[in-house]
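Numbering-wise (this note's numbering), the sequence shown opens with residue 3 and increments by one. Even glycine gets a Cβ: it sits at the ideal position worked out from N, Cα and C.
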Amino acid sequence: AYLTMMSDGLGSYVMWYMGFGVEKILQIAAWVAQSEFSLLRMRGVETWHMVLITFGAIWLMTLKDRRAWFGLVPIVLGIVASCFTPQPVLALLPSQGRSIIYAPPGERVVYYEGRVDKFTQDLILQFLAKDEMKPLTPDITLPPDMYLVRDIPEIETVCDRPEKILISRWYIDQHCQGKTIIDRHALERNGSGVVVIEE
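Below, the structure is given as structure tokens:
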């Protein structure tokens with residue numbers, strides 16, 4: 003197109019032809035977007051699932067004889083295994099000033115406490131195959147035997163709570179006998195989001 007633009011009239015024909023192709027691509031994209039199946043949400047996959055799928059794909063592309071079809075085996079295994087990946091119900095995230103997300107099983111909503119930017123929200127919704135995110139208000143019931151520390155002064159008396167699992171966006175600098183504590187110390191030990199409960 004750049005070369006033909008140096009001539010008087012040929013460039014306009016080339017640009018029209020390019021525009022025709024782009025217009026058809028946009029029409030197809032609009033048609034697909036209007037389809038009921040235009041968006042397929044998948045659960046988050048584990049590393050070994052992707053390793054299986056990648057190995058199978060490389061096998062398929064590398065071999066040129068009938069043995070290449072054996073590459074479909076790890077691909078299918080990786081896809082099937084990803085369908086049974088346990089999904090986090092409650093997690094403490096290391097970013098955004100230490101955020102907490104709660105994804106009740108069977109609901110299409112993810113609740114959050116703390117600061118979660120729009121990009122992170124989109125990633126969470128895609129990973130958990132949910133529709134929207136809402137603030138985690140006190141009237142929302144958490145899973146049994148779990149307690150969420152909402153204010154810093156609560157930390158002083160949190161060990162007296164009857165729940166077995168204590169979750170906090172801050173440090174709980176005390177040992178609570180017989181309780182599991184998920185706080186910033188846990189994030190530092192793991193270096194990533196800490197999944198508290200899974201489906």
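Cβ neighbours of residue 83 in the same chain (closer than 7 angstroms, five flanking residues each side left out): Here residue 83 refers to the residue found at position 81 when the sequence shown is read from its first residue. For residue 83, where only same-chain residues beyond five positions count, the Cβ hits under 7 angstroms are 51.
Taking Cβ positions, are residue 48 and residue 6 nearer each other than 7 angstroms? In the sequence shown, residue 48 corresponds to position 46, counting from 1. In the sequence shown, residue 6 corresponds to position 4, counting from 1. In this structure, residue 6 does not lie closer than 7 angstroms to residue 48 by Cβ.
Element boundaries [alpha helix (DSSP H), containing residue 24]: The residue given as residue 24 occupies position 22 in the sequence shown. First-last of the alpha helix (DSSP H) with residue 24: 12-35.
Pick out whichever of 173, 147 and 184 has its Cα sitting closest to the Cα of residue 166. Translated into positions along the sequence shown, residue 166 becomes position 164. Residue 147 is the option with its Cα nearest to residue 166.
On a Cα-Cα basis, can you pick out the residue from 110, 72 and 118 that is closest to residue 94? Taking the first residue of the sequence shown as position 1, residue 94 is located at position 92. A check of alpha carbon separations from residue 94 across 110, 72 and 118 identifies 118 as the nearest.
Separation of residue 163 from residue 130, as counted between CA atoms: The count along the sequence shown starts at 1 and reaches residue 130 at position 128. The count along the sequence shown starts at 1 and reaches residue 163 at position 161. Annotation: residue 130 to residue 163 spans about 30 angstroms, alpha carbon to alpha carbon.
Is there a Cβ from chain C that is less than 7 angstroms from the Cβ of residue 190? The structure shown contains no chain C, having only a single protein chain.
Entirely within the region 35-92 and at least 4 residues each: give me those alpha helix (DSSP H) ranges in chain order. Listed in chain order, they are 49-64 and 74-84.
Would you tell me roughly how many angstroms separate the C-alpha atoms of residue 38 and residue 133, rounded to the nearest one? Taking the first residue of the sequence shown as position 1, residue 38 is located at position 36. Taking the first residue of the sequence shown as position 1, residue 133 is located at position 131. About 15 angstroms.
Look at residue 79 and residue 54 and say whether their C-beta atoms are less than 7 angstroms apart. Residue 79 sits at position 77 when you count from the first residue of the sequence shown. Residue 54 sits at position 52 when you count from the first residue of the sequence shown. Taking a C-beta distance under 7 angstroms as the contact criterion, residue 79 and residue 54 qualify as a contact pair.
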